[in-house]
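Each residue of the sequence shown is one higher than the last, beginning at 562 in full-length UniProt numbering.
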Amino acid sequence: IELEGYLRKALERDELVLYYQPQIRTEDSRMIGVEALIRWNHPDKGVLSPNVFIPLAEETGLIYEIGNWTLREACRQMKLWHASGGPLIPVSVNLSSQQFHQSNLVEQVKNALTETELDARYLELEITESMMMDASVSTGILNELTALGVKISLDDFGTGYSSLSYLKNFPIHKLKIDRSFVTDITESRSDQAIVATIISMAQNLKMEVIAEGIETKGQLDILMQNDCREIQGYYFSRPLPASEVEHDFFVPL
Ligand code: G
Ligand code: G
Ligand code: MN
Ligand code: NA
């Protein structure tokens, strides 16, 4: 409807922007990565959440163009930060299911890296469990992406149609523990058990693991007690426009 026509023009008009949310390492309180999160700076409606327009982009096929723009823009910004003395940290980019299954995804990722001159090691791609259900397709894509040198994170881990065999068979670098397990972690014994188990499983599988959605000191304390070493959430920082992310972002814990 109305929004759709405007969304088509939003890219041309430069109204889409990426915000960046710092990811923190508990060991030294340093920023060890950022997640790129898209926003739409709508001329009348203000800053719109991707929950409003990504589903629309998926319905209309605009997601291909938007997804490609997001990849390039995230790489461009990261290269800029690196070149201007920022920390050599990676950016992680969310892929939609359609983008993941698009035949030229690998080529788009490769082109984004080449054009921006960002080293592949500084790009992480976030996929969800449901995207891997067609195992024969996913294995090929993930192996090709990994061969480029980019890393793969499993987003919203624990909420999808998980099969532990995915962790065995696919080149997954990092698990992102979904916020839904963190929200009530201070009261919920079962959430504590689930999170502790995911963390130790990741460690045993030599995967990295990060917890999302930390909003309080209490949640942080329990996560740290369970040996969670990477965290992301409003407690440290909301997603910020690129200009507001400090190169030496540091939060004493
Ligand atoms: O940042 P926020 O909490 O508003 O994001 C809401 C949802 O939109 C999340 O599920 C997030 O993964 C998704 N999202 C944010 N940025 C992007 C993006 O660049 N591409 C895709 N496909 N999804 C995104
Ligand atoms: O699906 P995905 O994990 O990519 O979604 C990330 C979303 O979570 C982003 O929209 C981001 O704005 C949001 N987010 C990040 N940190 C927090 C937090 O501490 N609390 C809440 N409620 N949302 C968060
Ligand atoms: Mn994500
Ligand atoms: Na998530």
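Using N, Cα and C, we set each Cβ at its ideal position, and we do this for glycine too.
Do Ile792 and Ile775 count as a contact pair if the criterion is CB distance below 7 angstroms?
For this step, residue 775 is matched to residue 214 along the sequence shown. For this step, residue 792 is matched to residue 231 along the sequence shown. A contact, by the Cβ cut-off of 7 angstroms.
What alpha helix (DSSP H) runs, 4 residues minimum, are completely inside the region 766 to 794?
Segments of the alpha helix (DSSP H) lying fully in the region 766 to 794: 778 to 786.
Are the Cβ atoms of His734 and Lys767 separated by less than 7 angstroms?
Within the sequence shown, numbered from 1, the residue matching residue 734 stands at position 173. Within the sequence shown, numbered from 1, the residue matching residue 767 stands at position 206. No, they are not a contact pair.
Leu736 lies in the beta strand (DSSP E); which residues open and close that run?
Residue numbering aside, residue 736 sits at position 175 when the sequence shown is read from its first letter. Where Leu736 is concerned, the enclosing beta strand (DSSP E) stretches over Lys735 to Ile738.
Taking only three categories from DSSP, how would you classify Gly646?
Residue 646 sits at position 85 when you count from the first residue of the sequence shown. In the structure shown, Gly646 sits in coil (DSSP, three-state: anything other than H, G, I, E or B).
How far does the beta strand (DSSP E) with Arg600 in it extend, from its first residue to its last?
Within the sequence shown, numbered from 1, the residue matching residue 600 stands at position 39. Its beta strand (DSSP E) spans residues Arg591 to His603.
Could you give the distance in angstroms between the alpha-carbon of Asp788 and the alpha-carbon of Gly719?
Residue mapping note: residue 788 aligns to position 227 of the sequence shown, counting from 1. Residue mapping note: residue 719 aligns to position 158 of the sequence shown, counting from 1. Near 18 angstroms, if we compare the C-alpha coordinates of Gly719 and Asp788.
Between Arg799 and Glu773, how many whole angstroms is the CB-CB distance? I'm expecting something under 8 angstroms.
Translated into positions along the sequence shown, residue 799 becomes position 238. Translated into positions along the sequence shown, residue 773 becomes position 212. Contact doesn't hold; Cβ gap of about 13 angstroms is too wide.
Between the region 639 to 650 and the region 599 to 612, do three or more beta carbon pairs fall short of 8 angstroms?
Too few Cβ pairs lie closer than 8 angstroms, so no.
Note down, in chain order, each residue of its chain lying with its Cβ closer than 8 angstroms to the Cβ of Leu579, except the 5 sequence neighbours on either side.
Working through the sequence shown from its first residue, we reach residue 579 at position 18. Excluding residues within five positions, the ones whose Cβ falls inside 8 angstroms are Ala597, Leu598, Ile599, Arg600, Thr631, Glu634, Ala635, Gln638 and Ala803.
The alpha helix (DSSP H) that contains residue 872, what's its start and end?
Residue 872 lies beyond the residue range present for the chain, which begins at 562 and ends at 814; the question has no answer from this structure.
Quick check on Asp716: does DSSP put it in helix, strand or coil?
Taking the first residue of the sequence shown as 1, we reach residue 716 at position 155. Strand, per DSSP.
Is Val654 buried or exposed, if buried means 16 or more other CB atoms sit within 10 Å of its CB?
Residue mapping note: residue 654 aligns to position 93 of the sequence shown, counting from 1. Counting Cβ neighbours within 10 Å, Val654 comes out buried, since at least 16 surround it.
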